[in-house]
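Here is the structure we will look at, set down as structure tokens.
In my numbering, the protein residues as written are 15 to 105.
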């Protein structure tokens with residue numbers, strides 16, 4: 015699993031911002047690994063955290079994605095910055 019701010023206050027997202035979301039990264043058992051801000055751009059997903067540099071996943075490198083009962087997940091391919099893996103986030 016992966017981990018998760020471009021806003022001046024890194025813990026907030028303006029209500030009118032349609033492309034940024036507060037997220038909590040979770041593992042296979044639903045345990046929280048970290049929190050951050052997920053931004054959707056025209057070409058990629060970007061995860062901002064306090065502790066690490068931003069992580070980017072280009073849409074063309076994603077194999078699949080989905081959303082179910084407050085959990086967003088996707089599978090990245092080997093050409094992504096993180097390499098291949100499955101990432102899950104509570105929204």
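Just so it is clear, CB atoms sit at the ideal spot from N, CA and C, and this is done for glycine as well. Owing to the predicted nature of the structure, the values given are computational and were not obtained by experimental measurement.
Using a Cβ-Cβ distance cut-off of 8 angstroms, the stretch 29–47 and the stretch 65–73 are not in contact, since fewer than three pairs of beta carbons, one from each stretch, lie closer than that value. For the set 49, 81, 71, the Cα lying nearest the Cα of residue 90 is the one of 71.
Taking C-beta separations shorter than 6 angstroms and ignoring five residues to either side along the sequence, the partners of residue 54 in its chain run 33, following chain order. When only Cα atoms are considered, residue 84 and residue 102 end up about 10 angstroms apart.
For residue 80, the number of other beta carbons within 10 angstroms of its own is below 16, and it is reported as exposed.
Contact annotation, residue 69 with residue 61: C-beta distance approximately 5 angstroms; criterion of less than 8 angstroms satisfied. As DSSP reads the structure, residue 80 sits in a beta bridge with 87. Sequence-distant Cβ neighbours of residue 93 in its own chain, meaning closer than 6 angstroms and more than five residues away, are 75. For residue 96, the CB contacts under 8 angstroms within the same chain, skipping 5 residues up- and downstream, are 16, 69, 71, 90 in chain order.
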